[in-house]
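Chains L and B, in that order, are what the protein sequence lines are.
Quick note on numbering: the first sequence equals residues 2 to 504 in the working numbering.
Quick note on numbering: the second sequence equals residues 7 to 83 in the working numbering.
Idealized CB from N, CA, C, for every residue including glycine.
Have a look at the structure below, then the notes.
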Amino acid sequence: MQNNVLDYLNESLDRVPDKIAYADDDVQLSFSDVKNIMDSVGTHLLNMGCNHEPVIVFMKKSPNTIATFFGVINAGCYYVPIDSEMPATRINLILENCKPRVIICDESTLEIAKGFDYQAEVLLFNDIVNTKPDEAALAQVRKKAIDTDPIYIVFTSGSTGVPKGVCACHRSVIDYIEQLSETLGFNEDTIFGNQTPLYFDACLKELYPTLKFGATTYLIPHSYFMFPVKLVEYINEHNINTVCWVVSALTMISAFATFDTVKPTTLRTIAFGSEVFPIKQFRLWREACPEAKFFNLYGPTEGTGMCCYYPVERDFADDEVIPVGFPFKNTQILLLKDDNTLAEPGEQGEICIRGTSVTLGYYNNPEKTREAYVQNPLNTAYPEIIYRTGDMGHINEYGELIFHSRKDFQIKHMGHRIELGEIEANVNLVPEIKLSGCIYAKEQGKIVLYYVGDITEGDLIKALKTKLPRYMLPNKVNRLEEMPFTANGKIDRVRLTKMFESR
Amino acid sequence: MEELLTILGDLHPEVDFTTAKDLVTGGILDSFDIVSLISEINEEFDVTIGAAELTPENFASAETIYALIKAKLDDED
């Protein structure tokens with residue numbers, strides 16, 4: 002039985018060693034290139050004595066970065082991707098949480114890494130990529146592999162201002178890749194066009210099926226996502242037939258009437274997720290790509306990528322919501338009510354995940370882990386952990402799961418999962434700030450911040466840029482003389498929402 | 007031009023748009039900004055910017071964006 006994600010490479014390496022596995026505009030790696038890099042990086046880490054520990058990969062998005070992830074796994078360690086788009090404060094919190102001994106950089110990040118408060122050994126990719134592979138040592142690590150050992154930690158927004166590191170193991174990722182590949186019909190002819198960053202779990206959808214099938218992934222340069230005609234031309238030029246993108250990347254194309262100028266002619270599988278796809282935009286896509294199959298995907302990072310899917314086949318009215326659908330094979334969704342009993346059909350409950358897809362927990366954070374990774378309340382006979390998503394949903398008349406809303410102040414903005422509390426916590430760290438309240442204007446898709454304090458809007462944004470990643474920066478900032486409060490003395494978000502709507 | 011600078015300033019109060027010439031290459035505008043920008047330009051100037059006009063060159067600076075708007079307005083006359 003396969004117990005290590007890297008076993009996926011074996012067959013592809015035998016069959017298509019020279020085929021392109023991962024490529025961007027600068028670098029192309031064949032499957033044998035990937036093998037060489039991961040063996041060199043793995044050997045270098047083993048030579049340093051690394052063993053079952055987190056290794057930070059701080060490199061710009063590139064095929065080399067992907068091969069470095071595999072190198073870390075090859076040494077029996079787990080990769081923690083960070084990115085130069087993350088502000089220094091956030092990176093420091095991540096390093097403090099993981100306490101890594103080693104950071105692997107490329108030329109673009111080396112100087113930044115040397116300036117971190119946290120001290121670790123900084124390695125340059127170019128210096129370690131030609132290490133002579135110690136095949137015996139690597140084989141020894143593989144022989145001892147345990148499929149419940151971690152392979153990565155990715156960080157997600159935390160409401161107290163500290164990001165949480167979701168830690169996933171081989172078994173969960175293998176389970177995910179198997180179910181996803183079967184459902185979406187990936188094979189050796191699949192050509193992926195990757196949109197999502199490498200520092201989230203979203204990129205698992207392309208990274209591992211590429212290894213498994215000997216397929217190809219193109220990393221589409223970020224800037225193309227601002228210029229839809231160029232983006233569609235890129236898809237056609239590279240014969241990309243499969244995309245798994247956030248909804249906002251797809252609607253960016255359709256909303257600008259790009260299809261009047263150029264249509265994607267090669268796409269056959271279009272999967273989307275992380276947000277609701279407005280039906281009007283969805284119809285434009287279906288008209289433009291009549292041969293493509295469309296899938297809505299749903300799942301939190303804690304459930305290893307995605308855990309539910311919905312093939313969009315029937316017609317939807319403008320005001321209808323595309324269902325979250327059905328759990329992947331080997332995953333169960335429990336809808337739990339407040340009293341921890343199951344919701345009846347049509348009744349709302351919290352979406353809880355049961356199965357191998359549930360990740361290990363938040364790294365070095367037992368408190369937060371205990372809140373969300375809980376004993377299945379329906380099972381008192383033996384230990385069984387389920388993950389409580391905090392998402393509310395119900396089962397409709399077709400037996401499909403429908404997402405409703407959040408139980409808390411977590412939002413989805415441009416495909417990113419954000420805790421409004423994390424934004425406020427960072428705003429409140431700015432010395433001039435007395436009070437702050439953050440809301441999300443869903444209709445316009447804007448994060449709106451209100452604050453009281455002796456600082457201009459521009460200076461506040463400047464200060465926030467050193468603390469928050471770009472996608473978490475408020476889109477509108479408004480200074481107030483006084484903050485509205487509820488009768489209980491909490492910041493009145495309903496009032497703030499009304500203030501924004503009537504501005 | 008004033009109206010455009012107000013729209014841009016609203017998006018990024020920390021940037022001086024009268025001098026910035028690298029809005030795209032400098033990573034000042036991201037795809038989200040472009041989406042908001044187009045819809046606000048549409049409201050303020052009543053011009054619709056199509057996909058074909060969405061190019062890095064047209065969005066390099068406040069000046070180039072304004073030139074695009076003006077060209078579209080002149081077209082309509």
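- By a beta-carbon distance limit of 8 Å, T302 of chain L contacts V155 of chain L. Their separation comes to about 6 Å.
- With a 10 Å radius around the Cβ and a threshold of 16 neighbouring Cβ atoms, H417 of chain L comes out buried.
- Using a CB distance cut-off of 8 Å, D52 of chain B does not count as an interface residue toward chain L.
- With distances taken between CA atoms, Y177 of chain L lies nearest to L:C204 out of L:P485, L:M393, L:C204.
- Looking at the DSSP output, A24 of chain L sits in a beta bridge with L:Q29, L:Y219.
- Residue environment analysis places N48 of chain B among the exposed positions, since fewer than 16 neighbouring C-beta atoms fall within 10 angstroms of its C-beta.
- A straight line joining the alpha-carbon of H239 of chain L with that of P384 of chain L spans about 49 Å.
- In terms of CA proximity to S173 of chain L, L:M307 leads the group L:V495, L:M307, L:S13.
- Against chain B, a Cβ distance below 7 Å from K435 of chain L picks out nothing, because the smallest value is about 19 Å.
- In the three-state reduction of the DSSP assignment, I396 of chain L falls in the strand class.
- Secondary-structure assignment with DSSP links E122 of chain L through a beta bridge to L:V103.
- Counting along the chain, the unbroken alpha helix (DSSP H) around H171 of chain L starts and ends at 171-185.
- Annotation: N427 of chain L is outside any beta strand (DSSP E); the continuous alpha helix (DSSP H) that includes it extends over 421-428.
- Within the segment 18-66 of chain B, no run of beta strand (DSSP E) reaches 3 residues while sitting entirely inside it.
- Taken atom to atom, the span from the alpha-carbon of P475 of chain L to that of L35 of chain B is near 14 Å.
- Membership of S255 of chain L in the alpha helix (DSSP H) is indicated by the continuous run 248-256.
- By the neighbour-count definition (other C-beta atoms within 10 Å, threshold 16), A318 of chain L is an exposed residue.
- I67 of chain L is positioned such that its CB atom lies no closer than 8 Å to that of T217 of chain L.
- Membership of P229 of chain L in the alpha helix (DSSP H) is indicated by the continuous run 229-238.
- For K477 of chain L, the CB contacts under 6 Å within the same chain, skipping 5 residues up- and downstream, are K447, V449 in chain order.
- In this chain, the beta strand (DSSP E) harbouring N479 of chain L covers 477-480.
- A24 of chain L is a Cβ neighbour of Y219 of chain L, given a cutoff of 8 Å.
- Between V248 of chain L and F278 of chain L a beta carbon distance of about 5 Å is seen, short of the 8 Å cut, so the two are scored as contacting.
- For N297 of chain L, the enclosing beta strand (DSSP E) stretches over residues 294-299.
- Taking 8 Å as the CB threshold, G56 of chain B lines the interface with chain L.
- When 8 Å is used as the limit between beta carbons, I34 of chain B is near no residue of chain L, the shortest such separation being about 11 Å.
- With contacts defined by Cβ atoms closer than 8 Å, G362 of chain L and Y374 of chain L form a contacting pair.
- For F38 of chain B, at least one C-beta of chain L is nearer than 8 Å to its own C-beta.
- Per DSSP, G356 of chain L is one residue of the beta strand (DSSP E) stretching across 350-356.
- Within the segment 56-74 of chain B, the residues whose Cβ lies closer than 7 Å to any Cβ of chain L are, in chain order, G56, A57, A58, L60, T61, P62.
- Runs of beta strand (DSSP E) with 3 or more residues, each lying fully within the segment 428-481 of chain L, are found at 434-442, 447-454, 477-480, listed in chain order.
- Residue range 332-337 is occupied by the beta strand (DSSP E) that includes Q333 of chain L.
- Residues K231, L232, Y235 of the same chain have their beta carbon placed closer than 8 Å to that of Y225 of chain L, with the five preceding and five following residues left out of the count.
- DSSP places F59 of chain L in the uninterrupted beta strand (DSSP E) bounded by 55-59.
- Using a Cβ-Cβ cut-off of 8 Å, V230 of chain L counts as an interface residue toward chain B, since at least one Cβ of chain B sits closer than that to its own.
- Only exposed fits V495 of chain L, as fewer than 16 other CB atoms lie within 10 angstroms of its CB.
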